[in-house]
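The block underneath contains the structure these notes are about, expressed in structure tokens.
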Amino acid sequence: MKQLIITVIGKDKTGLVEQLSDTVYNNHANWLKSSLTQLSGQFAGIVQVEVSPQHIQQLSNALSQISGLQIHIVEAQIKASSQQQMQKLTVTGNDRLGIVKDVTTHLHQLGINIYKLKTKTESAPNWGYPIFTAQFQLDLPIDLTIDTVQEQLELLADDLTIDIEQ
1 MKQLIITVIG
11 KDKTGLVEQL
21 SDTVYNNHAN
31 WLKSSLTQLS
41 GQFAGIVQVE
51 VSPQHIQQLS
61 NALSQISGLQ
71 IHIVEAQIKA
81 SSQQQMQKLT
91 VTGNDRLGIV
101 KDVTTHLHQL
111 GINIYKLKTK
121 TESAPNWGYP
131 IFTAQFQLDL
141 PIDLTIDTVQ
151 EQLELLADDL
161 TIDIEQ
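Using full-length UniProt numbering, the first residue of the sequence shown is number 1, and each one after it goes up by one.
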């Protein structure tokens with residue numbers, strides 16, 4: 001069996017996820033993981049499926065026939081176990097230009113791989129100015145502590161709050 005990563009984007013409409021899941025199922029693939037969202041009227045997602053090699057082309061052809069979706073398919077690279085540690089943290093602060101760039105640059109300089117990132121901006125209760133929140137799932141080198149990461153990120157700006165999920 002092969003694992004494939006399928007990215008999709010297109011105008012959002014009712015029934016799109018069902019159509020996508022039907023296509024995967026009807027073409028002998030097993031839906032393993034996914035992250036799907038709607039952003040500003042666009043549907044965007046990434047799906048990991050497992051399929052036997054003889055059905056890959058059939059699946060690819062069927063997915064490309066879904067009207068209004070741009071599809072990109074690559075074979076998954078199965079990562080060998082590493083000497084890393086997974087850690088979740090949340091960064092919150094006043095929204096400003098470059099906040100994602102500053103945080104991700106700092107994480108890269110520390111040798112940290114970003115496994116997952118989810119961001120949002122919303123109005124602060126009772127104040128009205130925008131608050132930015134980023135939820136990270138990080139792959140830390142084994143010799144780096146999460147306390148060091150927190151200290152380094154807090155140096156970026158006085159208004160950043162770094163919360164670590166234990």
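Each residue gets a CB set at the ideal place from its N, CA and C atoms; glycine is no exception.
Of the candidates L117, Q85, L110 and I6, I6 places its Cα closest to the Cα of L63. P130 is bridged by DSSP to S123.
Taking 8 Å as the cut-off, the beta carbon of N94 is found no closer than this to the beta carbon of D147. Taking S34 as reference, the option from A44, Q109, I162 and Q77 with the minimal CA-CA separation is A44. Excluding residues up to 5 positions away in sequence, L140 and I142 lie with their Cβ nearer than 7 Å to the Cβ of Q85 in the same chain. With respect to L156, H108 sits apart: the two C-beta atoms are not nearer than 8 Å.
Considering only K2, N27 and T92, the residue with the shortest C-alpha distance to F132 is T92. Under a 10 Å Cβ-count criterion, Q87 is classified as buried, with 16 or more other Cβ atoms of the shown protein chains found around its own Cβ. Judged by DSSP secondary structure, I6 falls within the beta strand (DSSP E) whose first and last residues are K2 to K11. Contact check for T119 against V100 passes: the beta carbons are separated by less than 8 Å.
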